[in-house]
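Enquirer: There's a structure below that I have some questions on.
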Amino acid sequence: AFDLETGEHAWRCYTVPKPGEPGSETWPKDGEAWARGGANCWITGTYDPELNLLYVGTGNPAPDFDGGVREGDNLYTDSLVAVDPDTGQIRFHYQYNPHDVWDYDSISEHILFDLDGRKALAHFDKNGYGFILDRTDGQLIRVFPFVDRITWGEIDASGKVTPKVYPDKEGEPVHFWPGPAGGKEWTHAAYSPKTQLLYVPVQDIGATATRRRREFKEGIPYWGAGVAVDGEDMAGSVSAFDPRTGRETWRWRNDVPMCSSVLATGGDLVFAGKPSGECIALNARTGELLWQFQCGSGHHSSPTTYSVGGRQYVAVPTGWGGWVEGFLPGMLGAPHGAALFAFALPD
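Taking my numbering, the leading residue of the sequence shown gets 79, the next gets one more, and so forth.
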């Protein structure tokens, strides 16, 4: 953190503890996790001014797939960390993927809302599970699957994680769902206080990882495996969930994963973008497709809404390409042009 007026450095919060600090016991004693253990925070956190807490998601441990060189839960990787913005101290945490060996970064957004008078937050993890937590103390309220195929392991109602398949033997390929692209990528879900539903861009796609142990070398990728994403067997959706029950309320289906953020508006609309270029508007209560516009390039970003002179607009950035094509091989050759579209909603 930096002082807004002076620019001076105020504090730094390390998401992998130093030897002797709380959480360091979840790493090998003779390792150098404090220096290269992962847990990067590469998505903007969420601030609650009433509780004065900053909620930040952390990334995977390193190396991504080779857990044999980093035994333990590997705190505070793949976690929610609630940080005191005045001091940088971690008030509490919740780890979504202890000892992650599937590249399931938990960096995605944490959506703040009140649930029957309880201060809650929602997080949809790459592991295919949605989490509802108490945002005052990090206690689990509910966990539920939001993608159809989950084979890496399971999480029970208490939050206990039971791994089932992972790349634990050198040179032996292991297939699992969701793949490292995740049941949801970094793009955001949304919540509507009007419908009291959560809306999620879903990716149903698996992958095969083959462990390949490598020594750490600065500047060289440190994955610990070779990864091949499923080329044909994939699907996607925009799905609505009731946070009180974890049940799916409706699903709008797509033939490939949905890689753009979704936007819920006060007019009971949900906007999203398809990899094939269409910007779509769905009925927030039923999932019915109400409108679409072909933007000429795939969607892999976040729409926003604003008003000018009493008229509401939706702005949508488009532009396909980059590493996203690596986990959507079916979209290779799609138009790549980048543009910003603005649409006016009816008066």
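Just so you know, even glycine gets a beta-carbon here, dropped at the ideal spot from N, CA and C.
#1: Using the rule of at least 16 other Cβ atoms within 10 Å of the residue's Cβ for burial, across every protein chain shown, is Tyr207 buried or exposed?
#2: Exposed or buried, Arg213, counting other C-beta atoms within 10 Å across all chains shown (16 or more means buried)?
#3: How long is the line joining the alpha carbons of Val225 and Thr240, rounded to whole angstroms?
#4: Which word fits Gly120, buried or exposed, when buried means at least 16 other C-beta atoms lie within 10 angstroms of its C-beta?
#5: The beta strand (DSSP E) that contains Ala417, what's its start and end?
#6: Suppose you measure from the CA of Gly166 to the CA of Ser236; what does that come to, to the nearest Å?
#7: Here's the rule: buried if 16 or more other CB atoms are within 10 angstroms of the residue's CB, otherwise exposed. What is Gln447?
#8: Which of helix, strand or coil does DSSP assign to Arg292?
#9: Measuring alpha carbon to alpha carbon, tell me which residue in Trp180, Thr383 and Ala416 is nearest Gly284.
#10: Between the Cα of Thr286 and the Cα atoms of Trp255, Val278, Trp301 and Asn130, which residue gives the shortest distance?
#11: May I ask which residues mark the beginning and end of the beta strand (DSSP E) holding Trp369?
#12: Look up Ala235 in the DSSP assignment and say whether it is helix, strand or coil.
#13: What are the boundary residues of the alpha helix (DSSP H) that includes Ile113?
#14: Taking DSSP as the reference, what is the three-state secondary structure of Gly400?
#15: Between Tyr314 and Val334, which are expected to be in contact by the criterion C-beta below 8 Å, what is the C-beta distance as a whole number of angstroms?
#16: What alpha helix (DSSP H) runs, 4 residues minimum, are completely inside the region 183-232?
#17: As a quick exercise: from Tyr125, Gly302 and Arg389, pick the residue whose alpha carbon is nearest that of Pro139.
#18: In this structure, how does DSSP classify Glu103 when only helix, strand and coil are distinguished?
#19: Suppose the cutoff is 7 Å on Cβ atoms and the five residues either side in sequence are ignored; what does the same chain contact list for Ser102 look like?
#20: Identify the continuous beta strand (DSSP E) that holds Cys357 and give its terminal residues.
#21: Give the DSSP bridge partners of Pro97, in chain order.
#22: Can you tell me the Cβ-Cβ gap for Asp156 and Asn175, rounded? I've got them flagged as a contact below 8 Å.
#23: Select from Gly415, Ile185 and Ile210 the residue whose C-alpha is nearest the C-alpha of Lys204.
#24: Have a look at Leu190 and Gly85 and give me their C-alpha separation to the nearest angstrom.
#25: Closer than 6 Å by C-beta to Glu356: which residues in its own chain qualify, once you throw out the five before and the five after it? Chain order, please.
#26: Among His177, Tyr133 and Arg148, which one has its Cα closest to the Cα of Asp162?
#27: Please work out which residues of its chain come closer than 7 Å, Cβ to Cβ, to Asn361, disregarding the five sequence neighbours upstream and downstream, and give them in chain order.
#28: Can you tell me which of the three DSSP states Val147 falls into?
#29: Glu149 to Thr288, Cα distance in whole Å?
Expert: Answer, in terms of the structure:
#1: Along the sequence shown, one-based indexing puts residue 207 at 129. The residue is buried, with at least 16 neighbouring Cβ atoms inside 10 Å.
#2: Against the sequence shown, residue 213 aligns to sequence position 135. It is buried - the Cβ of Arg213 has at least 16 other Cβ atoms within 10 Å.
#3: Here residue 225 refers to the residue found at position 147 of the sequence shown. Here residue 240 refers to the residue found at position 162 of the sequence shown. Val225 and Thr240: Cα-Cα distance of roughly 17 Å.
#4: The residue labelled residue 120 in the question sits at position 42 within the sequence shown. Residue identity differs from the one stated: residue 120 is Trp in this sequence, not Gly. By the neighbour-count rule (16 or more Cβ atoms within 10 Å), Trp120 is not buried but exposed.
#5: Reading the sequence shown from its first residue, position 339 is the one you call residue 417. Per DSSP, Ala417 belongs to the beta strand (DSSP E) from Ala417 to Ala422.
#6: Within the sequence shown, residue 166 is the residue found at index 88, counting from 1. Within the sequence shown, residue 236 is the residue found at index 158, counting from 1. Spanning the alpha carbons of Gly166 and Ser236 requires a straight line of approximately 29 Å.
#7: Residue 447 lies beyond the range of the chain shown here (79 to 425); nothing can be said about it.
#8: Walking along the sequence shown from the start, residue 292 turns up at place 214. Secondary structure of Arg292 (DSSP, three-state): coil.
#9: Residue mapping note: residue 284 aligns to position 206 of the sequence shown, counting from 1. Trp180 is the residue among Trp180, Thr383 and Ala416 whose C-alpha sits nearest the C-alpha of Gly284.
#10: In the sequence shown, residue 286 corresponds to position 208, counting from 1. Among Trp255, Val278, Trp301 and Asn130, the Cα nearest to that of Thr286 is on Trp255.
#11: Taking the sequence shown and counting its residues from 1, the one referred to as residue 369 is at position 291. Leu367 to Gln372 is the extent of the beta strand (DSSP E) around Trp369.
#12: Walking along the sequence shown from the start, residue 235 turns up at place 157. In the structure shown, Ala235 sits in coil (DSSP, three-state: anything other than H, G, I, E or B).
#13: Residue numbering aside, residue 113 sits at position 35 when the sequence shown is read from its first letter. Checking the displayed sequence, the identity of residue 113 turns out to be Ala instead of Ile. Ala111 to Arg114 is the span of the alpha helix (DSSP H), which, as asked, contains Ala113.
#14: For this step, residue 400 is matched to residue 322 along the sequence shown. Correct three-state label for Gly400: helix.
#15: Position 236 of the sequence shown, counted from the first residue, corresponds to residue 314. Position 256 of the sequence shown, counted from the first residue, corresponds to residue 334. The sequence given here has Gly at residue 314, not Tyr. Yes, they are in contact, since the Cβ atoms of Gly314 and Val334 sit about 6 Å apart, within 8 Å.
#16: none
#17: The residue you call residue 139 lines up with position 61 of the sequence shown. If we check each option's Cα against that of Pro139, Gly302 comes out closest.
#18: By 1-based counting over the sequence shown, the position of residue 103 is 25. Annotated three-state conformation of Glu103 is helix, per DSSP.
#19: Indexing the sequence shown from 1 puts residue 102 at position 24. Closer than 7 Å at the Cβ level, and outside the excluded window around Ser102, lie Pro95 and Lys96.
#20: Here the question's residue 357 lines up with position 279 in the sequence shown. Glu356 to Asn361 is the extent of the beta strand (DSSP E) around Cys357.
#21: On the sequence shown, residue 97 is found 19 positions in, with the first residue counted as 1. Per DSSP, none; premise fails for Pro97.
#22: Residue numbering aside, residue 156 sits at position 78 when the sequence shown is read from its first letter. Residue numbering aside, residue 175 sits at position 97 when the sequence shown is read from its first letter. Indeed they touch by this definition, with Cβ atoms about 4 Å apart.
#23: Walking along the sequence shown from the start, residue 204 turns up at place 126. Closest option to Lys204, Cα to Cα, is Ile185.
#24: The residue you call residue 190 lines up with position 112 of the sequence shown. The residue you call residue 85 lines up with position 7 of the sequence shown. Distance between the alpha carbons of Leu190 and Gly85 is about 29 Å.
#25: On the sequence shown, position 278 is the one that residue 356 refers to. Taking Glu356 as the centre and dropping the five residues before and after it, the same chain places the C-beta of Gln370 and Gln372 closer than 6 Å to its C-beta, in chain order.
#26: Position 84 of the sequence shown, counted from the start, is the residue given in the question as residue 162. Per the Cα distances, Tyr133.
#27: Position 283 of the sequence shown, counted from the first residue, corresponds to residue 361. Contacts found: Asp346 and Leu368.
#28: As a position in the sequence shown, residue 147 is number 69, starting the count at 1. Of the three classes helix, strand and coil, the one that applies to Val147 here is helix, per DSSP.
#29: Taking the first residue of the sequence shown as position 1, residue 149 is located at position 71. Taking the first residue of the sequence shown as position 1, residue 288 is located at position 210. Cα to Cα, Glu149 sits roughly 19 Å from Thr288.
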